[in-house]
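*Asks:* Here it is: the structure, laid out below.
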Amino acid sequence: MPVHKVRPDTSVLADSLEVPGIGHLPVNAYVLFAPEPVVVDTGLGLPDRNFLETVGSVLDPADVRWIWLTHPDRDHTGGIFDLLAAAPEARVVTTFLSAGIMSCERPLPLDRVYLLNPGQALDVGDRTLTAFRPPLFDNPATVGLLDDRSGVCFSSDCFGAPLPTADLAQAEDVREVGTEDLRAAQLLWATVDSPWVQNVDVDKYLESFRPVRDWEPGLVLSTHLPPASGVTDSMIDTLGSAAGSPPFVGPDQAALQQILSSFEPDDETHAVPT
Numbered sequence: 016m017p018v019h020k021v022r023p024d025t026s027v028l029a030d031s032l033e034v035p036g037i038g039h040l041p042v043n044a045y046v047l048f049a050p051e052p053v054v055v056d057t058g059l060g061l062p063d064r065n066f067l068e069t070v071g072s073v074l075d076p077a078d079v080r081w082i083w084l085t086h087p088d089r090d091h092t093g094g095i096f097d098l099l100a101a102a103p104e105a106r107v108v109t110t111f112l113s114a115g116i117m118s119c120e121r122p123l124p125l126d127r128v129y130l131l132n133p134g135q136a137l138d139v140g141d142r143t144l145t146a147f148r149p150p151l152f153d154n155p156a157t158v159g160l161l162d163d164r165s166g167v168c169f170s171s172d173c174f175g176a177p178l179p180t181a182d183l184a185q186a187e188d189v190r191e192v193g194t195e196d197l198r199a200a201q202l203l204w205a206t207v208d209s210p211w212v213q214n215v216d217v218d219k220y221l222e223s224f225r226p227v228r229d230w231e232p233g234l235v236l237s238t239h240l241p242p243a244s245g246v247t248d249s250m251i252d253t254l255g256s257a258a259g260s261p262p263f264v265g266p267d268q269a270a271l272q273q274i275l276s277s278f279e280p281d282d283e284t285h286a287v288p289t
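Each residue of the sequence shown is one higher than the last, beginning at 16 in this note's numbering.
Take a look at the structure:
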């Protein structure tokens, strides 16, 4: 997992996952170096990733005081229990619904949980982190955050985009992606991750972007996008146009069989030694 420092006080723990037929999806977590250090989400948790080791490359895990869980999907919670064990003073910032969803798999220790709803704020020593509901989301427990010191918006899944290569997915700046390519990828992700966007009231949907527009963040950090500096307005315009888009329809069983057949070894591999 490469690490990019995008602000003196903010590092990206970059990762990606190839999704057949979609592309390479960025899967980022973040470290915010406040007096009370914050880790935003905890990665994929796949066997070949060591999230705790990656955190340790930029910060002693024992110093972490807050783990902001934007929502309890597996690509956000992979390293959460390892980090809780390594950071005995850390608490998980999340919602009541999020804690409940996680407890269906493995309960969060309630004495380590700090419940925070959209519109509420957390003081981490030198700044206030304000929780908000991103305009697009795939999980009803989703809560992003706005950093009043750095002007950074952590948007969870919103503004995400599957990209053609792992290198682009783990790039240091989204402007490495062509403007039209980025627009197409963000519109695709909007229909994949938030299929309900086809049924929204357009005016209410566009109004949901107001917190981000009013905040005017100089940098947007999405779980599923390289760091996006100076392009907030164009990204909002892109996602605003997603209203009414038909939902993504994934591969069916016939398509899956075709994909699997491309992975099958040749006959020599199957040969039995004599």
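We treat Cβ as the ideally placed atom computed from N, Cα and C, and that holds for glycine.
In this text the structure is predicted, and so the values were computed from the model without any measurement.
Which same chain residues end up closer than 6 Å to D299 when comparing Cβ atoms and leaving out the 5 residues on each side of it in sequence?
*Replies:* Nothing can be reported for residue 299, as the shown portion of the chain is limited to 16 through 289.
*Asks:* Taking its Cβ as the centre, do 16 or more other Cβ atoms sit within 10 Å of C119, making it buried, or is it exposed?
*Replies:* C119 comes out exposed.
*Asks:* Could you work out which residue in A29, E51 and D78 is closest to T69 when comparing CA atoms only?
*Replies:* The residue with the shortest Cα to Cα distance from T69 is A29.
*Asks:* Which residues share a DSSP beta bridge with T5?
*Replies:* It is not possible to answer for residue 5, since the shown part of the chain is limited to 16 through 289.
*Asks:* Would you grab the beta carbon distance between L160 and A146 for me? Rounded to a whole angstrom, and I think it's under 8 Å.
*Replies:* With 8 Å as the limit, L160 and A146 qualify as a contact, their Cβ atoms being about 6 Å apart.
*Asks:* Out of L84, P41, L183 and T157, point me to the one whose CA is closest to Y129's CA.
*Replies:* It is L84 whose Cα lies nearest to the Cα of Y129.
*Asks:* Would the beta-carbon of A205 fall within 8 Å of that of V212?
*Replies:* Contact flag set, yes.
*Asks:* If we ignore side chains and look at the alpha-carbon of each, how far apart do R22 and P242 end up?
*Replies:* The alpha-carbon atoms of R22 and P242 are separated by roughly 11 Å.
*Asks:* Do three or more CB pairs link the stretch 87 to 100 to the stretch 55 to 74 at distances below 8 Å?
*Replies:* Short answer: they touch.
*Asks:* Hey, how far is the Cα of Y45 from the Cα of S171?
*Replies:* Taking the straight line from one Cα to the other gives about 11 Å.
*Asks:* Would DSSP call E33 helix, strand or coil?
*Replies:* Here E33 sits in strand by DSSP.
*Asks:* Quick one: Cα of S244 to Cα of V189, how far?
*Replies:* The alpha-carbon atoms of S244 and V189 are separated by roughly 8 Å.
*Asks:* By the 10 Å Cβ neighbour count, where 16 or more other Cβ atoms means buried, how is S209 classified, buried or exposed?
*Replies:* So S209 ends up on the buried side.
*Asks:* Go ahead and pull the three-state DSSP assignment for L236.
*Replies:* Looking at L236 - three-state DSSP - the assignment turns out to be strand.
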